[in-house]
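Asks: Got a structure for you, questions after.
Protein chains: 4
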Amino acid sequence: MNTLPPDIEDLRLRTRDFIRTVVMPAEPAPGDRLSEGERDRLQAAAKSAGVFAPHVAREYGGQGVPLQFWSPIFQEAGYSLIGPTVLNCQAPDEGNMHMLELIGTPAQKEQYLRPLVSGAARSCFGMTEPHPGAGSDPAALRTSAEKVDGGWVINGHKRFISGANNASFCIAMVRTPAIEAAADGGTSSPAPAGATMLLVDMDTPGVRIGEQISTMDRAIGGGHPHLHFEDVFVPDSAVLGSPGEGFRYAQVRLGPARLTHCMRWLGLARRAMDIALDRTNTREIFGSAMHELGIAQDMLALNVMDLETSDAIITKTAALLEADAKAGSALSSVAKAHTSEAVYRVIDRSLQLCGGDGVSDRLPLASYLNEVRAFRIYDGSNETHKWAIARRASAARRREVEAGAPFQASVDTAAAYSSTEA
Amino acid sequence: MNTLPPDIEDLRLRTRDFIRTVVMPAEPAPGDRLSEGERDRLQAAAKSAGVFAPHVAREYGGQGVPLQFWSPIFQEAGYSLIGPTVLNCQAPDEGNMHMLELIGTPAQKEQYLRPLVSGAARSCFGMTEPHPGAGSDPAALRTSAEKVDGGWVINGHKRFISGANNASFCIAMVRTPAIEAAADGGTSSPAPAGATMLLVDMDTPGVRIGEQISTMDRAIGGGHPHLHFEDVFVPDSAVLGSPGEGFRYAQVRLGPARLTHCMRWLGLARRAMDIALDRTNTREIFGSAMHELGIAQDMLALNVMDLETSDAIITKTAALLEADAKAGSALSSVAKAHTSEAVYRVIDRSLQLCGGDGVSDRLPLASYLNEVRAFRIYDGSNETHKWAIARRASAARRREVEAGAPFQASVDTAAAYSSTEA
Amino acid sequence: MNTLPPDIEDLRLRTRDFIRTVVMPAEPAPGDRLSEGERDRLQAAAKSAGVFAPHVAREYGGQGVPLQFWSPIFQEAGYSLIGPTVLNCQAPDEGNMHMLELIGTPAQKEQYLRPLVSGAARSCFGMTEPHPGAGSDPAALRTSAEKVDGGWVINGHKRFISGANNASFCIAMVRTPAIEAAADGGTSSPAPAGATMLLVDMDTPGVRIGEQISTMDRAIGGGHPHLHFEDVFVPDSAVLGSPGEGFRYAQVRLGPARLTHCMRWLGLARRAMDIALDRTNTREIFGSAMHELGIAQDMLALNVMDLETSDAIITKTAALLEADAKAGSALSSVAKAHTSEAVYRVIDRSLQLCGGDGVSDRLPLASYLNEVRAFRIYDGSNETHKWAIARRASAARRREVEAGAPFQASVDTAAAYSSTEA
Amino acid sequence: MNTLPPDIEDLRLRTRDFIRTVVMPAEPAPGDRLSEGERDRLQAAAKSAGVFAPHVAREYGGQGVPLQFWSPIFQEAGYSLIGPTVLNCQAPDEGNMHMLELIGTPAQKEQYLRPLVSGAARSCFGMTEPHPGAGSDPAALRTSAEKVDGGWVINGHKRFISGANNASFCIAMVRTPAIEAAADGGTSSPAPAGATMLLVDMDTPGVRIGEQISTMDRAIGGGHPHLHFEDVFVPDSAVLGSPGEGFRYAQVRLGPARLTHCMRWLGLARRAMDIALDRTNTREIFGSAMHELGIAQDMLALNVMDLETSDAIITKTAALLEADAKAGSALSSVAKAHTSEAVYRVIDRSLQLCGGDGVSDRLPLASYLNEVRAFRIYDGSNETHKWAIARRASAARRREVEAGAPFQASVDTAAAYSSTEA
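Set out below in structure tokens:
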């Protein structure tokens, strides 16, 4: 029941089969984490099966699927909580791969992208900071880098840095001053003041992982710790893209990254739905088959509606991201806010349909609920996205009216008054 | 912000322009109906502008847009409550045109389709009956036709027959007996017992429009009256498709018809949103611009989310209807249930944002709310669709498990018991 | 199933009986208004039946029910759309009676309250103004009165003045300057600048009813027109309460008035529910009794939950209004925002359960939906109430913490840092 | 801001103070359990403070608060997750105390109630069984007791038996046969077949705690394990109430028990709200104080609305339970379904307002969310309650119409037909 090109549909079916026959039997118990050994074994199997790193170009070891078709593949991966890790399309590495592919230099791709794709290296993305630094409001960025001869010196404090514990490098977002042409003796290009992305090896002196933050979720390996930069020197070649352009590049990463979260979690929501269907298809209650009880049917139907509308808005956004990155990024706010709430509802209803077993660890639904809850907060809280959505809609309409569209909220009745009331 | 082919995008922009510059200035006051004279004048203008009957093949006078791309065009049409009538893509004629194009004989197309497309004729679809006849449950059909020499004799009672007052013909769904090969002297083909669609001229003796039913909506011309068939004779050539296949054909009509309702009402919801945006962009309250107040922003953002997810699920369904009519028809239940509720919410929030003016006839929002309310009921009530959605999901999953997918709702712990409790 | 004192329960049952046997048979068709003659006849019958003006003291012709027990009585009245008019407890008169009883002088009570209670006179409340005057934000009041010798001269423009067409007097809210002791020759008391309520006979020169505003509702007689004051003189005795205290008195009126709207509309929602129950109790669909279909049961249960929670919060608020007017007024925001949305949902679901008949005028549900829609806007829009609710909650918590309650949102981990990271 | 009698208000304030000054500082970290030593220490402090066991008669060591006023006290207790345990008003003991008080013999009260109230003993309630036994459908009860000389022999399998690990006795619901007068030699009274409640000491031979079930919540001590009865003998004196009357007694326990869950969780929801308020009162984002941002205000207002409507429906139900136990028990379905969803929403919104900290263990909100989730399932799943609510409403209306109330869903228009269509 879809309209995919044959090669994508083939990869989707093979991914689906791989997840169900290889990955699902290897899933850890609810709440437990995947061991490093199992991770390695399963990634090797994924490579053999030709389903590894679906989103990366073939020259770097992936399957070369264009962004427009990531969704059906990532949903299959996300059907298992460990699927995205096994297929190496899990956050934060997946978003970092995407950005390195798009804006990395050839040398950076060899040094960072290739081992990241292969699974030999892992990474993190250093953006969020403790209050009052960068959080929902990226403009509050406080970590900064100073230009020195031949490179940059970073100081600052990040937190919620997912995956940092296992990472070999970090893409750090830092505030940088304006660089004049001759600032460091003529070797640097001029750059505006702004944010800059720097590739920082985690074993660089001065990089220190701080306090671990325990959160509701378990699926993203490597925790969400604090991360400190204390006089960390990186060379000029560590700049990803151009200095001062960090926020623009972040959009390149964040729009798709937000969307791939939607895809993966949507896959997990489908899993929850299947569990609920297996339950309602086989249980009797009050003398009726559960799947024939109207209240259960209502919940199942709402699940389908949430799944299908999420799938549809993701598809629309992915196509738009390729056609018009800016418009696609704007629409990704809608996709994120809708999908993050829809998948939560789907898992919540599925759990409810399983009754007491649903809240127990006999079924994974309680753990799924805890995994997805945070998605309504990270990648921009839904409230922040709604704010952005509203502002864009207001501004777009204002421009339309300024361009001549008829203003439609007038309740001015001056003419009527003069005739009626004279 | 879309990815349409250039010719479709061109038609969309011309339709948009036509609606805003020609149709909107001609709109009747809220609650009033379009006069026949205005209808004729505006349809002529639409023909001149090359935007008339977008969904019909060029050979019959339309613009030849494939179903996959009806949505952007129909949304532009629906931006005005009278737009679909002016462009001759309003229910029930539009669905009847679609079915005649797909399954009519060449003679039927000349006699019925061509004048229907041109606007010279109007039509109705005779399906719904008074309780306990065909309603949400089409299988309860009671109106019947008896085979006689050279034709059929219809008896029965329909109601909520939208457009009947102005129609020159009706496509009537009737119950018919099994026809054996030689039943009427050898000229008929054998046919199974079932439902049959018959083309009935409204001036045929025995066709009688009964009591008018007053409802909340005004946009569909010709009311929703009762319709009586009393010994109505129609010739064999009046059969649309084959006898006994009526329910199958109805699916051909109903899936797309349900979706075109979504498209048109989504256009109207965009209109309501623009009115709300014009209001919030220009009003101050409690010393702030309304569009900067968070509670208003939240409502505006929810509107965008409802509009965009509806647009996305319609697009997905339209593509699927062309690729796989059965799967598309199934998905149209999701599109219908979601969109009919989403557009209602959008108009309701838009009205709320306009305060006292929103419930007055200074703005058209109260009338829009009344227009769309019934869409949660007709074309299959949303509850009926949810029931169908749930049953399909349950059955599909059952087949999957029977085909070998792992059953996932097991909480059987026999093994654990033996070890723990032995 | 309640815990009312016997005399209240007796009045409730008699009111219930009166509404069902006398009032309901006299209801006009959906969308039509009650004629003056019928109004007079039915009010006389209500007086005979001893159920007239339940909320007013016996000495002025009412039944003397304390505010705490208005709810069960008003709900019975509201079960018919014309019930509150027949029992003379409809807005705006009911709120005006309440305020006159509380703060009117003996002379004002004789002149204005007594005929208002008897039904001989009707009234309106002149508060709302065209933008940018008093609306959701009362502080924006622009209509003003100037102190002159022996009285006041009013100038200004009101709108949405419910009942003005039939009113013999208006309680007008106007802006007034500070009055010094000797301002008018020593006869006036000093007063602060602020708002003042003035009793204005509608036949006073300069009072002019302006343009009529057509809205979705029909139940409140006398429309919602504009109202103009052009050099209108009223004597000093027209001041209701004290000059400059208008906003404070408005709270006396608005808290209970908002709550009585809740009571009446809750009664109408119970009516809608009964219609839906009669439908589901007697209809079959898809071979099942509707009331045994789970999706219908879910909607019915949600209706009960909305009805019962609304009833409960109204009861709580009414008791609090008598015990602590300020706290009760604050809680009335919660009651209003919850109930206005709950009754709309109840009627909407009831209509949905009646299918095509629900949107037709064979049943009154579509008209009920239109009647209650505006209640989410008037008496303070729900958004304004939510804003007030949030601000009060924030301020109350702030005071609590300032008074020593432990602050609970600290995520400061300085201590942990020093030990973990030193 | 309430209307409580002075002695209740005094106890409420002392409870509030005790929770905030003694209990809250002793709370374990999120996800951890209260140690036995701390439990003992805090219970002793509660006794000293005169706030212990508020719901139990003074003669058994409680504070003697009538059911009608439990809510304000239990809400104060529930403000801390360990509060109800410290005050010894936590499930399942609290419900067992209530039932023992109402239907226990004097000897049973001495043996079981007194030590239960003092905290010396703990208990469990043995009702739920593995599928297909008693769960949402109590009539499916399979554990049974056979009448033998001088007592009963129990065999069966229970699960989700909250508190069983720490309990010294269990009130077990078992299926029992009809007892004829002379069945056991003349000493027994005759009894109908049905369910019977038996007091079973946990150290009775044949009582065996089975597999532990790990669930999302932590607050109820003693887990939710399986419980096995294998030829367990109890004497005749172990019957609580009369044989065969178990389901009726269960209603005595379940109505109030369901409501006390509402009270306690509502207290916890108030705690979550205070955390959110402390956050929004002190944080700035995008240059504004959070508590002044409309989207945050909307969430805060919805929280207040959920808190207040829950409080109101609980109050109404508690009063009704005392006035009319059957009607009160019916209404407790509404209170349970509404409150269990409302408190979940309140905690969910509060967590959302705290952003990344909300999903971390720096704040207890994630653990609160996990604690309350199961309440939508236990004590009768909300779907089961909704089903019961709908059936009661349908039956009540049917009786009303049968008793003469006008049937209101008629759309029969025979008369109109004859005049219009003749």
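Residue numbers (my numbering), protein chains in the order written: chain V, 1 to 422; chain L, 1 to 422; chain W, 1 to 422; chain G, 1 to 422. Yeah, the Cβ is synthetic: ideal placement off N, Cα and C, and Gly gets one too.
Closest Cβ-Cβ distance between residue 413 of chain L and chain G: below 8 angstroms?
Replies: Unreliable positioning characterises residue 413 of chain L in this predicted model, as indicated by a pLDDT of 47, which lies under 50. The coordinate reading is nonetheless provided below. Interface residue, yes.
Asks: Please list the segments of the alpha helix (DSSP H) lying wholly inside the region 311-372 of chain W, counting only runs of 4 or more residues, in order along the chain.
Replies: Here the runs fully enclosed are 325-353 and 355-359.
Asks: If you run the structure through DSSP and keep just helix, strand and coil, what is residue 131 of chain V?
Replies: Three-state DSSP puts residue 131 of chain V in coil, outside helix and strand.
Asks: List the DSSP bridge partners of residue 201 of chain V.
Replies: Beta-bridge pairing links residue 201 of chain V to V:169.
Asks: Cα separation between residue 356 of chain L and residue 132 of chain W?
Replies: When rounded, the distance between both Cα atoms is 13 angstroms.
Asks: Between residue 24 of chain G and chain W, is there a C-beta pair that is closer than 8 angstroms?
Replies: Cβ-Cβ to chain W under 8 angstroms: yes for residue 24 of chain G.
Asks: Could you say which of V:229, V:278, V:59 and V:12 lies nearest to residue 363 of chain V if we only look at CA atoms?
Replies: With distances taken between Cα atoms, residue 363 of chain V lies closest to V:278.
Asks: If you measure between the beta carbons of residue 43 of chain L and residue 96 of chain L, is that distance less than 8 angstroms?
Replies: Contact flag unset, no.
Asks: Starting from residue 252 of chain G and walking both ways along the alpha helix (DSSP H), at which residues does that stretch end?
Replies: Per DSSP, residue 252 of chain G belongs to the alpha helix (DSSP H) from 246-282.
Asks: Go ahead and pull the three-state DSSP assignment for residue 291 of chain G.
Replies: Helix at residue 291 of chain G.
Asks: Does residue 156 of chain V come within less than 8 angstroms of chain G when only Cβ atoms are used?
Replies: Taking Cβ atoms only, chain G never reaches closer than 8 angstroms to residue 156 of chain V, which makes this a no.
Asks: Could you work out which residues of chain L lie near residue 132 of chain W, taking near to mean beta carbons separated by less than 8 angstroms?
Replies: Neighbours of residue 132 of chain W on chain L, chain order: 284.
Asks: Could you tell me which residues DSSP pairs with residue 96 of chain V in its beta bridges?
Replies: Partner(s): none; residue 96 of chain V has no beta bridge.
Asks: Which residue wins for smallest C-alpha separation from residue 231 of chain G, given the options G:196, G:201, G:154 and G:158?
Replies: When only C-alpha atoms are compared, the closest one is G:154.
Asks: Under 8 angstroms, CB to CB, which of the residues in the region 265-297 of chain W have a partner in chain V?
Replies: Those would be 293, 294, 295, 296 and 297, in chain order.
Asks: Less than 8 angstroms between the CB atoms is what I'm expecting for residue 366 of chain V and residue 351 of chain V, so what's the real figure, rounded?
Replies: With a Cβ gap of about 7 angstroms, residue 366 of chain V and residue 351 of chain V count as contacting.
Asks: Candidates L:307, L:237, L:175 and L:285: which alpha carbon is nearest residue 267 of chain L's?
Replies: Answer by Cα proximity: L:307.
Asks: Who does residue 158 of chain G pair with in a DSSP beta bridge?
Replies: Answer is G:227.
Asks: Out of W:208, W:234, W:55 and W:128, which has the shortest C-alpha to C-alpha gap to residue 200 of chain W?
Replies: Answer by Cα proximity: W:234.
Asks: Please classify residue 394 of chain L as buried or exposed, where buried requires at least 16 other C-beta atoms within 10 Å of its C-beta.
Replies: So residue 394 of chain L counts as buried.
Asks: Along the alpha helix (DSSP H) that carries residue 118 of chain V, what are the first and last residues, could you check?
Replies: Unbroken alpha helix (DSSP H) run through residue 118 of chain V: 114-118.
Asks: When the Cα atoms are used, what is the spatial distance from residue 345 of chain V to residue 303 of chain V?
Replies: Residue 345 of chain V and residue 303 of chain V: Cα-Cα distance of roughly 8 angstroms.
Asks: Is there a Cβ of chain W sitting closer than 8 angstroms to that of residue 197 of chain G, yes or no?
Replies: Not closer than 8 angstroms to any Cβ of chain W, the Cβ of residue 197 of chain G fails to qualify, so no.
Asks: On the DSSP bridge assignment, give the partners of residue 147 of chain W in chain order.
Replies: DSSP lists W:152 as partners of residue 147 of chain W.
Asks: Tell whether a beta-carbon distance below 8 angstroms holds between residue 127 of chain V and residue 169 of chain V.
Replies: Not in contact: residue 127 of chain V and residue 169 of chain V (Cβ atoms no closer than 8 angstroms).
Asks: If you drop the 5 nearest sequence neighbours on each side, which residues of the same chain put their C-beta closer than 8 angstroms to that of residue 94 of chain L?
Replies: So the list reads 55, 84, 88, 257 and 260, once near-sequence residues are dropped.
Asks: By Cβ distance below 7 angstroms, which residues in the same chain neighbour residue 263 of chain G in space, the five residues on each side in sequence not counted?
Replies: Excluding sequence neighbours, residue 263 of chain G sits near 70, 71, 74, 75, 78 and 314.
Asks: Distance cutoff 8 angstroms, beta carbons only. Does residue 70 of chain W sit that close to anything in chain G?
Replies: No, no contact with chain G.
Asks: Could you check whether the region 237-245 of chain W touches the region 99-106 of chain W, counting it as contact only if at least three pairs of C-beta atoms, one from each stretch, sit closer than 8 angstroms?
Replies: Touching, per the Cβ criterion.
Asks: Find the residues of chain G that neighbour residue 82 of chain W, judging by a C-beta separation of less than 8 angstroms, and give them in chain order.
Replies: Within chain G, no residue comes near residue 82 of chain W; the closest Cβ sits about 15 angstroms away, beyond 8 angstroms.
Asks: Under 8 angstroms between beta-carbons, which chain G residues line up against residue 125 of chain W? List them in chain order, please.
Replies: Under the 8 angstroms cutoff, chain G gives no residues; its nearest Cβ is about 26 angstroms from residue 125 of chain W.
Asks: Given this structure, state the Cα-to-Cα distance separating residue 376 of chain V from residue 135 of chain L, to the nearest angstrom.
Replies: If you take the alpha carbons of residue 376 of chain V and residue 135 of chain L, they lie about 41 angstroms apart.
Asks: Ignore the nearest five residues each way along the sequence and tell me which others in residue 151 of chain L's own chain have a CB closer than 8 angstroms to its CB.
Replies: 233, 234, 235, 236 and 238.
Asks: Determine, using beta carbons only, whether residue 341 of chain G comes closer than 8 angstroms to chain V.
Replies: Answer no: the Cβ-Cβ gap between residue 341 of chain G and chain V never drops below 8 angstroms.
Asks: Below 8 angstroms, how does it come out for the region 331-341 of chain L and the region 281-298 of chain L: are there three or more Cβ pairs, yes or no?
Replies: In short, these stretches do not touch, since the Cβ pair count stays below three.
Asks: List the DSSP bridge partners of residue 195 of chain V.
Replies: Answer is V:175 and V:245, bridged to residue 195 of chain V.
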